[in-house]
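Okay, structure first, notes after.
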Amino acid sequence: SSPTEEVISTEYQLHTLTGQFDVGFAELVSVTSYGRQRSKLSLDYSDNLGTLLPSLGIPTPIVALPVDNLVKKFTQEIRLASPAGQTVEYVVGGYYTREKSSSLNEGFGYLSPGVLAPAPFNPLQSVDLRNRYRETALFANLTLNLTPRKERPGRSQQHIERELRAPLQDVAGARGKVA
Numbered sequence: 298s299s300p301t302e303e304v305i306s307t308e309y310q311l312h313t314l315t316g317q318f319d320v321g322f323a324e325l326v327s328v329t330s331y332g333r334q335r336s337k338l339s340l341d342y343s344d345n346l347g348t349l350l351p352s353l354g355i356p357t358p359i360v361a362l363p364v365d366n367l368v369k370k371f372t373q374e375i376r377l378a379s380p381a382g383q384t385v386e387y388v389v390g391g392y393y394t395r396e397k398s399s400s401l402n403e404g405f406g407y408l409s410p411g412v413l414a415p416a417p418f419n420p421l422q423s424v425d426l427r428n429r430y431r432e433t434a435l436f437a438n439l440t441l442n443l444t445p446r447k448e449r450p451g452r453s454q455q456h457i458e459r460e461l462r463a464p465l466q467d468v469a470g471a472r473g474k475v476a
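Just so we're aligned, residue 298 is where the sequence shown starts under our numbering, counting upward by one.
Shown next, in the form of structure tokens:
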């Protein structure tokens, strides 16, 4: 393939495992995931750098900038939740994530399509960026229900259904019914 051919490709994977367990007094939930994304780019910078570099004595009228990005991410969440509808409801848990990324950004000069310029002109650039990120969090929520749950007075299901079936009046003044 030509060094000036622009290419963009992305591969993405996501794997998730969820487990729910009844431990009697609460429900235990575990969610684990792993994701991986690789993007490869090859950009033609001949119009931008192909005229500048020869004027600086670098004989490379054709310039390709390939980029290879890789991101890997792992997450884990564990939470314990009490049954709903009780006087005291709670959720407690923890979260962890780890992410690693790398980005290899290079630049190559070509004398003509497919013919690399000799050293010391190549590579024009080679930058390897690597990053790591970690996060850990704990969370909790407590709800205290002081009164029993009741439906609003006068708003029974039959009342709501009657309201929905009531005649409607459109902009022209004609009357219709909702089916």
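From the three backbone atoms N, C-alpha and C, an ideal C-beta is built for every residue, glycine too.
- Around the beta carbon of SER352, fewer than 16 other beta carbons sit within 10 angstroms, so the residue counts as exposed.
- Counted as a single uninterrupted DSSP element, the stretch harbouring PRO351 is not any beta strand (DSSP E) but the alpha helix (DSSP H) occupying residues 349-352.
- CA-CA distance, SER399 to TYR392, rounds to 24 Å.
- Secondary structure in the region 350-410: the beta strand (DSSP E) runs of 3 residues or longer, each lying completely within the stretch, are 359-378 and 385-409 in chain order.
- Taking 8 Å as the cut-off, the beta carbon of LEU338 is found no closer than this to the beta carbon of VAL320.
- At the C-beta level, PHE405 and ALA378 stay beyond 8 Å of one another.
- Secondary structure at LEU346: helix, using DSSP grouped into helix, strand and coil.
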